[in-house]
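In order, the protein sequence lines correspond to chains A and B.
Just so we're aligned, residue 1 is where the first sequence starts under my numbering, counting upward by one.
Just so we're aligned, residue 1001 is where the second sequence starts under my numbering, counting upward by one.
Quick reminder that beta carbons are idealized off the backbone N, C-alpha and C, glycines included.
A quick note: this is a predicted structure, and the numbers were derived from the prediction, not measured.
2 protein chains.
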Amino acid sequence: MPAASRRERHRTETTAEIKATALKHLVEEGAESVALRGIARDMGMAPGTFYSYFDTREALLSALAADAYRDLAAHLREARDAHPPTAPAARALAHGLAYRAWALAHPQEFRLLFSGRAQTPHTNTPESTAAEYELCLGIVEIATTATPASPSADGNGSTTYTWEDFAPDFTTVARATFPTLTPPALALSLRVWGRMHGLVTLEIDGLLRPQIDNPDTLYRDELADLVRGLGLTPTTE
Amino acid sequence: MPAASRRERHRTETTAEIKATALKHLVEEGAESVALRGIARDMGMAPGTFYSYFDTREALLSALAADAYRDLAAHLREARDAHPPTAPAARALAHGLAYRAWALAHPQEFRLLFSGRAQTPHTNTPESTAAEYELCLGIVEIATTATPASPSADGNGSTTYTWEDFAPDFTTVARATFPTLTPPALALSLRVWGRMHGLVTLEIDGLLRPQIDNPDTLYRDELADLVRGLGLTPTTE
DNA sequence: GCAAAGATTGAACAGTGTTTGGAATTTGGT
DNA sequence: ACCAAATTCCAAACACTGTTCAATCTTTGC
């Protein structure tokens, strides 16, 4: 590997430092409190210097979001892989539990990823989309292993799906990874995501706590119902 | 009724005007772009004058949120009441569809209500909590009419619920409105909310569109599965 | 008609993201 | 070893933001 020049080394170092202090502010006070000048102050540098490393404040937040996405995807993969492929129910359950666990452990990052992203979409680098794909692939795996009891999931319902209903980029990746994937299963995967996301985001946004003391068992019940609905026998592996 | 004094009349008028222009900015550019000075500019008044009507910018947003909450609750109630109490499945389905329809028609308000509310909680006036209660009561109605097929919903699962698991304030209201309400049903209502909220919030936050072209049928399928899972026969009323 | 209460003003304060010109520093080539 | 080119850095400025404050103008109740 070509020894990185002195400048280059210093550059990656300071970008990392910027991201680190920004992350600290994000975790402690939320995304809105991530201030350029605050970061510059903490690092003892002039405000303008920031723009040698990031085009804009939004670019910095996008970088943090990409990191968070990677972390979340890795966390979910790890949770699934704690169970063998012969226990799809356990893998699905673990995925769902890990989704909430990560959100509770990193509420600000979770918000940064999923809250109002249509408003100010994060600029996606190749790596960030890779992480996004991996997260989606995790749910697709769950959907492919499912043999749903309910008709609406596998095309018996009133609606049918074709490949053209989905984004071609991701579809090709998903089909390459899971050859047995069908359009209804892909649709089901999105529904599974939505179902996991619903209670978690309500809790993170503080709408569940004032109503119920312990969202934990509530979410567990929902996940149990979800896994059962997917036709995954809850084998006590 | 005591004829409101000239001043009082003018006061309510300008507060309404402030909220109206703020709402316009909210709808067109999002909550972050609701600027005091911008509103003052539009209304041709000095920036400081604003503080004669609202304590802070956050108070204004809370007022807008309260209005939106009322509007949403009314919209959902209207949708349910389009079907008779003898058709609970239709009422549940209508509620779910109306939830998404309102969100799509008022995305910025939807975000204002539900996105990152734990971060900066809206100050709740008596009226706002009333609207909040009515929205919850709508879901509770669905849960009470349900005779869930899946065990985890009515206490057959591993977990059981008692009244103490829930916020006492709302519980009393809910029990007064629905005498047959049980703790598991109350828990189920929150799960129903989460399930409706999941896909909708993913779509509003722009995470569904890049994956699937038509979230409409996807959401319909999810609702159909939900209603079926609640044991509500899809009677063709 | 007059004192008190309320609304309005415009300037000021402390922040913010971003731009710019010039100085300091590192780089690659001769 | 030196020099030109390319980065990096700083300091000041610009255009914003929410909020405060003393001084005005206006309406109210007596």
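Next on the checklist: With a threshold of 7 angstroms between beta-carbons, can A/D216 be considered close to chain B, or not?
Outcome noted: no
Checklist entry - Who are the neighbours of B/T1172 on chain A, taking C-beta pairs under 7 angstroms? => result Correct list: empty, because the minimum Cβ distance to chain A is about 13 angstroms.
Checklist entry - DSSP state of B/F1178, grouped into three classes? => result Assignment of B/F1178 by DSSP, reduced to helix, strand and coil, places it in the coil class.
Checklist entry - Under the rule that 16 or more other beta-carbon atoms within 10 Å means buried, what is A/A176, buried or exposed? => result exposed
Checklist entry - Using a Cβ-Cβ distance under 7 angstroms, would B/R1117 count as near chain A? => result yes
Item to check | Within-7 angstroms CB hit, B/H1197 to chain A | outcome: yes
Next on the checklist: In whole angstroms, give me the CA-to-CA distance for A/R202 and A/L208.
Outcome noted: Strictly speaking, residue 202 of chain A in this sequence is Leu, with Arg absent from that position. One Cα belongs to A/L202, the other to A/L208, and the distance between them is close to 6 angstroms.
Checklist entry - Is the region 1132–1148 of chain B in contact with the region 1225–1233 of chain B, if contact means three or more CB pairs nearer than 8 angstroms? => result yes
Checklist entry - In terms of alpha-carbon separation, which member of B/T1171, B/L1199, B/P1179 lies closest to B/A1187? => result B/T1171
Checklist entry - Measuring CA to CA, which of A/A20, A/E13, A/R77 is closest to A/I39? => result A/A20
Item to check | Contact set between A/L207 and chain B, taken where Cβ atoms lie within less than 7 angstroms | outcome: F1114, R1117
Checklist entry - Can you name, in chain order, every residue of its own chain whose Cβ lies under 8 angstroms from the Cβ of B/L1199, other than the five neighbours on each side? => result R1100, L1208, P1215, L1218, Y1219, E1222
Checklist entry - How do the region 18–35 of chain A and the region 45–64 of chain A stand: do at least 3 beta-carbon pairs fall below 8 angstroms, yes or no? => result yes
Checklist entry - Touching or not, the region 26–36 of chain A and the region 106–116 of chain A, by the rule of three or more beta carbon pairs under 8 angstroms? => result yes
Checklist entry - So, is B/G1138 buried or exposed, given that buried needs 16 or more other C-beta atoms within 10 angstroms? => result buried
Next on the checklist: Quick check: B/I1018 and B/Y1069, are their CB atoms within less than 7 angstroms of each other?
Outcome noted: Cβ distance not < 7 angstroms, so B/I1018 and B/Y1069 don't count as in contact.
Checklist entry - Taking DSSP as the reference, what is the three-state secondary structure of A/F50? => result helix
Checklist entry - For the region 1175–1191 of chain B, which residues have a beta carbon sitting closer than 7 angstroms to at least one beta carbon of chain A? => result A1187, L1190, R1191
Item to check | Residue nearest to A/T125 in terms of C-alpha spacing, selected from A/S5, A/A118, A/A185, A/A66 | outcome: Comparing Cα-Cα distances from A/T125 to each of A/S5, A/A118, A/A185, A/A66, the minimum goes to A/A66.
Item to check | Rounded straight-line distance, which links the Cα of A/V140 to that of B/A1016 | outcome: 49 angstroms
Next on the checklist: Strictly below 9 angstroms CB to CB, what residues from chain B border A/F166?
Outcome noted: Q1211, I1212, D1213
Checklist entry - Alpha carbon to alpha carbon, how far is B/D1121 from B/M1045? => result Strictly speaking, residue 1121 of chain B in this sequence is Pro, with Asp absent from that position. So the alpha carbons of these two residues sit roughly 29 angstroms apart.
Item to check | Given A/D213 as reference, the closest of B/A1167, B/L1190, B/V1173 once Cα atoms are compared | outcome: B/A1167
Checklist entry - Would A/P88 be called buried (16 or more neighbouring beta carbons within 10 Å of its own) or exposed? => result buried
Item to check | Paired residues, beta bridge with B/I1212 - DSSP | outcome: A/F166
Checklist entry - Comparing alpha-carbon positions, which option in A/W102, A/E78, A/S5 lies nearest A/R91? => result Each of A/W102, A/E78, A/S5 was checked against the Cα of A/R91, and the nearest Cα belongs to A/E78.
Item to check | Under the three-state DSSP convention, the category A/G231 falls into | outcome: In the structure shown, A/G231 sits in coil (DSSP, three-state: anything other than H, G, I, E or B).
Checklist entry - Count the other CB atoms within 10 Å of the CB of A/A48; is the residue buried (16 or more) or exposed (fewer)? => result It should be noted that the sequence gives Gly, not Ala, for residue 48 of chain A. A/G48 should be labelled exposed.
Item to check | Assumed close pair B/N1204, A/A118 - CB separation to whole angstroms, cut-off 8 angstroms | outcome: Residue identity check: residue 1204 of chain B is Ile in the sequence provided, not Asn. Confirmed, Cβ separation roughly 7 angstroms.
Item to check | Short CB-CB distance (under 7 angstroms) between B/E1222 and chain A | outcome: yes
Checklist entry - Would you say B/E1138 faces chain A, with C-beta separation under 7 angstroms as the test? => result Checking the sequence, you will find Gly at residue 1138 of chain B rather than Glu. Judged by the 7 angstroms Cβ criterion, B/G1138 is not in contact with chain A.
Item to check | CA-to-CA distance, A/E32 to B/L1242, given in whole angstroms | outcome: No information on residue 1242 of chain B is available, as it lies outside the stretch 1001 to 1237 that chain B covers here.
Checklist entry - For B/Q1119, does the three-state DSSP call read helix, strand or coil? => result coil
Checklist entry - For B/S1088, does the three-state DSSP call read helix, strand or coil? => result Per the sequence shown, the amino acid found at residue 1088 of chain B is Pro instead of Ser. Looking at B/P1088 - three-state DSSP - the assignment turns out to be helix.
Checklist entry - Tell me which same chain residues have a C-beta within less than 6 angstroms of the C-beta of B/A1035, skipping the five on either side of it? => result none
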